[in-house]
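Read the structure below first, then the notes.
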Amino acid sequence: MLPPKGSGLTEVEPISASQLDHLLKLSALPQPKDPAARASMMKDLTEQMHFVKAVQDVDTSNTLPLHNLTAEQEDEGGFTYEEAVAEGQSLRAAQAGQAETTIDYTKLAARTINGYYTVDGGLVTDADEKQK
-12 MLPPKGSGLT EVEPISASQL DHLLKLSALP QPKDPAARAS MMKDLTEQMH
38 FVKAVQDVDT SNTLPLHNLT AEQEDEGGFT YEEAVAEGQS LRAAQAGQAE
88 TTIDYTKLAA RTINGYYTVD GGLVTDADEK QK
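Residues in the sequence shown are numbered consecutively from -12, following my numbering.
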C-alpha cells in the first residue's frame, strides 16, 4: 500500500540494513542468504511501514470506542430441551411459556421412596471389585 508518487502523503524512511539485522536478531529469524533477498525483505518492510502509517493517519476523533466486539444478546428465558422432555411436555409448549417452571426429576426414576431415587444392589467395596 504505497502512496501514489507526488501525492503529498507522509513518506516513511526506508528500513536500513542495520535496522533489518536488528529486527532479524530480535525475532530470531535467519539472515537473508543473498543481497537480493535482503533487498526484497527491506522493500517489504518499508511497504508494511507505509500501511501502518496510513492506518495511523485515519481520523478517529468522532468515533466512539467499542466496549464489546460481539453482538448484544437478550436473555429470552425459556426452557432447555431437557427440561421440556423431563416434564413430558412438548418443546413447543415449553417455549410458548405454557410449561411449569419447577421440574420434579424424580418423575424420571423407575422407583422412588420419600422423594429419593432407589436402586437395586448395595454398597460395593474394594474386596468386591477385586473378585470381579
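From the three backbone atoms N, C-alpha and C, an ideal C-beta is built for every residue, glycine too.
This one's a predicted model, so the numbers in the text were calculated from it and none came from an experiment.
Is it true that the CB of residue j sits closer than 8 Å to the CB of residue i?
{"i": "residue 11", "j": "residue 18", "result": "yes"}
{"i": "residue -1", "j": "residue 36", "result": "yes"}
{"i": "residue 104", "j": "residue 96", "result": "yes"}
Please return the same chain residues whose Cβ sits closer than 8 Å to the Cβ of residue i, not counting the five positions on each side in sequence.
{"i": "residue 8", "result": "18"}
Can you tell me whether residue i is buried or exposed? The criterion is at least 16 other CB atoms within 10 Å of its CB, across all chains shown.
{"i": "residue 100", "result": "exposed"}
Could you please give me the residues that DSSP links to residue i through a beta bridge?
{"i": "residue 103", "result": "100"}
Once you ignore the five residues that flank residue i on each side, which residues in its own chain have a CB closer than 6 Å to its CB?
{"i": "residue 25", "result": "19"}
Round the Cβ separation of residue i and residue j to the nearest angstrom and send it over; I've been treating them as touching at under 8 Å.
{"i": "residue 2", "j": "residue 32", "result": "4 Å"}
{"i": "residue 112", "j": "residue 102", "result": "So it is not a contact: roughly 28 Å between Cβ atoms."}
Can you find the residues in the same chain that come closer than 7 Å, C-beta to C-beta, to residue i, ignoring five residues on each side of it along the sequence?
{"i": "residue 5", "result": "none"}
{"i": "residue 98", "result": "105"}
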